[in-house]
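Peer 1:
2 protein chains.
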Amino acid sequence: MKKTGEKVSNAVIRRLPRYYRQLTELRLRGVVRISSGALAKDMGLTASQIRQDLFCFGGFGQQGYGYNVEKLREEIGAILGINRGNTAIILGVGNLGHALIQNFKFGNNGFSVTAAFDVDDSLVGTKIGAVQIYHVDELEEYLRTYRVDVGVLTVPRVFAAEMAQKLADGGVKGIWNFANVELKLNAPDVIVENVHFSDSLLALSYMIGEPVYDEENK
Amino acid sequence: MKKTGEKVSNAVIRRLPRYYRQLTELRLRGVVRISSGALAKDMGLTASQIRQDLFCFGGFGQQGYGYNVEKLREEIGAILGINRGNTAIILGVGNLGHALIQNFKFGNNGFSVTAAFDVDDSLVGTKIGAVQIYHVDELEEYLRTYRVDVGVLTVPRVFAAEMAQKLADGGVKGIWNFANVELKLNAPDVIVENVHFSDSLLALSYMIGEPVYDEENK
DNA sequence: TAGATTGTTAATCGATTAACAATC
DNA sequence: TAGATTGTTAATCGATTAACAATC
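Line by line, the protein sequences give chains C and R. Residue 6 in the numbering used here sits at position 6 of the first sequence, with consecutive numbering throughout. So the numbering used here is basically just the index in the second sequence, starting at one, shifted up by 1000.
This is the structure we're talking about:
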């Protein structure tokens, strides 16, 4: 049933987490089954699009019935890699790094944070929750010792490129980049996922300035 | 020259801030002129795409020469609304709200933060930098008194919907939503720009799990 | 069985790419 | 002038939407 080999488009990949989120919400509300039509309505998509998206990975539904919320959520979670036991480390325990460690539910997304790194000696050796803070000098040794899937880059932008390269050299698979710089890595296999606050705010700025602009254009 | 009336696609809107960022970078490096080809190479796009994008707003280049970096940056900045004197207020001065006020360069994106709001009495009345923190109860009065273009939603998710509706009722044009919930507003004109950390991390999770997945698919 | 809704192919739409005349 | 590169239209590609047979 699974269609392997076919490349999944970026557009689809970006919708998968939204499906997962919506299904989690539905499950919380006690909804057991849902049709592509109903899900589409909830999410502002078309039923066709949803069926087409799911078709990339095989059939998870049942004709005449729709989709079992719990099962579909499981399947999409698995596709996203939620059960893969991913690990992440935090680079830079400033305001943002601290906020992520303290407030962001890595666990809900299949990640466990195994360490944090900073240059500030007053932070090194302390913990945030269960997360130990090490000195950045220990990063390379740490990466040699433990498997780290993702490095979370929350250092000031001037250090971003250097830290990113160290992460890549240390064998991480992905970098979650909050440093607001375009990373040009010397490591083709490492995936960089940017969270560019500026880009997001500027897009919003554009949209609120366009009188004709309306929601459906999203 | 300007083509008015034509709707600019979301894909183009999302690239505009990237152009702006790249041009800022080029200016910093002292680059005076750039061709669509060179810019495309820098950004991983095609020259055609860049010219097509800019064509949406009129011609900013010169045949045989290319684009003047400073001028193009100005033009795109203006399109994005950087000179519009936008104002923003922060809802929720927890870790993330605090981090944004303290570290995020709102000014670089044409915004000034005019106030912050929280429920915590130990925060109310204090300042972060130049930003005064008010009690959330004062929000409606504040919105009646001052023009606020964007509300930055960094409250815990349970309060997000309520706060968002207050912002909308108070006349903001946009909501920059970090609350990790889908907002369903009763206000069709208000633009919601979501920064969903989870969606971003899950997309990264998917991509690091796909051996065939490579950068150019971005 | 009749009704509902999927899985899947085909048609359409929109975005990207190619091409080239215009012109600096 | 010759060379370079844009502005702009046309061609292509990919994503979304429509349609419907399969089937629960």
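Even for Gly, the Cβ is constructed at its ideal location relative to N, Cα and C.
1. Does DSSP put R/Asn-1095 in a helix, a strand or coil?
2. So within the segment 1136 to 1192 of chain R, which uninterrupted alpha helix (DSSP H) runs reach at least 4 residues, ignoring any that extend past its ends?
3. Quick check: what's the CA-CA separation for C/Ile-208 versus C/Tyr-146?
4. Is R/Leu-1080 near R/Pro-1017, with beta carbons less than 8 Å apart?
5. Taking any Cβ of chain C, which residues in the segment 1043 to 1060 of chain R have a Cβ under 9 Å from it, in chain order?
6. What runs of the beta strand (DSSP E), each 3 residues or longer, lie entirely inside the segment 1055 to 1115 of chain R?
7. List, in order along the chain, the chain C residues whose C-beta lies closer than 7 Å to that of R/Tyr-1020?
8. Mind checking who C/Gln-49 pairs with in its DSSP beta bridge?
9. For C/Gly-61, which residues from the same chain have a beta carbon less than 6 Å from its beta carbon, with the 5 sequence-adjacent residues on both sides left out?
10. Taking Cβ-Cβ distances shorter than 8 Å, what residues in chain C pair up with R/Leu-1096?
11. Suppose the cutoff is 6 Å on Cβ atoms and the five residues either side in sequence are ignored; what does the same chain contact list for C/His-135 look like?
12. Just to confirm my understanding: we take R/Thr-1024, look at its own chain, exclude 5 residues before and 5 after, and list those with CB closer than 7 Å. What are they?
13. Using the three-state DSSP reduction, which class does R/Val-1012 fall into: helix, strand or coil?
14. Given that C/Ile-133 touches chain R, what residues does it touch there, using C-beta distances under 8 Å?
15. Would you identify the three-state DSSP class for R/Arg-1029, choosing helix, strand or coil?
16. Is it true that the CB of R/Phe-1111 sits closer than 8 Å to the CB of C/Leu-201?
17. Work out the CA separation of R/Leu-1054 and R/Arg-1084 for me, nearest whole Å.
Peer 2: By the coordinates alone:
1. Walking along the second sequence from the start, residue 1095 of chain R turns up at place 95. In this structure, R/Asn-1095 counts as helix in the three-state DSSP scheme.
2. As far as the segment 1136 to 1192 of chain R is concerned, its whole alpha helix (DSSP H) runs of at least 4 residues are 1139 to 1145, 1157 to 1169.
3. Within the first sequence, numbered from 1, the residue matching residue 208 of chain C stands at position 208. Within the first sequence, numbered from 1, the residue matching residue 146 of chain C stands at position 146. When rounded, the separation of the alpha-carbon atoms in C/Ile-208 and C/Tyr-146 is 46 Å.
4. Position 80 of the second sequence, counted from the start, is the residue given in the question as residue 1080 of chain R. Position 17 of the second sequence, counted from the start, is the residue given in the question as residue 1017 of chain R. Between R/Leu-1080 and R/Pro-1017, the C-beta spacing is below 8 Å.
5. When CB distances to chain C are screened at a threshold of 9 Å, the residues of the segment 1043 to 1060 of chain R falling below it are Met-1043, in chain order.
6. Complete beta strand (DSSP E) runs here, min 3: 1086 to 1091.
7. Start at 1 with the first residue of the second sequence, and residue 1020 of chain R comes out as number 20. Listed along the chain, the chain C residues whose CB falls inside 7 Å of the CB of R/Tyr-1020 are Leu-202.
8. Counting from one through the first sequence, the residue named residue 49 of chain C turns up at place 49. Looking at the DSSP assignment, C/Gln-49 forms no beta bridge with any residue, so it has no partner.
9. In the first sequence, the residue the question calls residue 61 of chain C occupies position 61. Excluding sequence neighbours, C/Gly-61 sits near Tyr-67.
10. Residue numbering aside, residue 1096 of chain R sits at position 96 when the second sequence is read from its first letter. Correct list: Leu-96, Ala-99, Asn-103.
11. Residue numbering aside, residue 135 of chain C sits at position 135 when the first sequence is read from its first letter. Closer than 6 Å at the Cβ level, and outside the excluded window around C/His-135, lie Val-124.
12. Counted from its first residue, the second sequence places residue 1024 of chain R at position 24. For R/Thr-1024, same chain residues with a beta-carbon under 7 Å away, outside a window of 5 residues either side, are Arg-1073 in chain order.
13. Position 12 of the second sequence, counted from the first residue, corresponds to residue 1012 of chain R. Per DSSP, reduced to three states, the secondary structure at R/Val-1012 is helical.
14. Counting from one through the first sequence, the residue named residue 133 of chain C turns up at place 133. Per Cβ cutoff of 8 Å: no residues; C/Ile-133 is ~16 Å from chain R at best.
15. Counting from one through the second sequence, the residue named residue 1029 of chain R turns up at place 29. The answer is coil: DSSP assigns R/Arg-1029 none of H, G, I, E or B.
16. Position 201 of the first sequence, counting from 1, holds the residue named residue 201 of chain C. Position 111 of the second sequence, counting from 1, holds the residue named residue 1111 of chain R. Contact flag set, yes.
17. The residue you call residue 1084 of chain R lines up with position 84 of the second sequence. The residue you call residue 1054 of chain R lines up with position 54 of the second sequence. Their backbone Cα atoms lie some 20 Å apart in a straight line.
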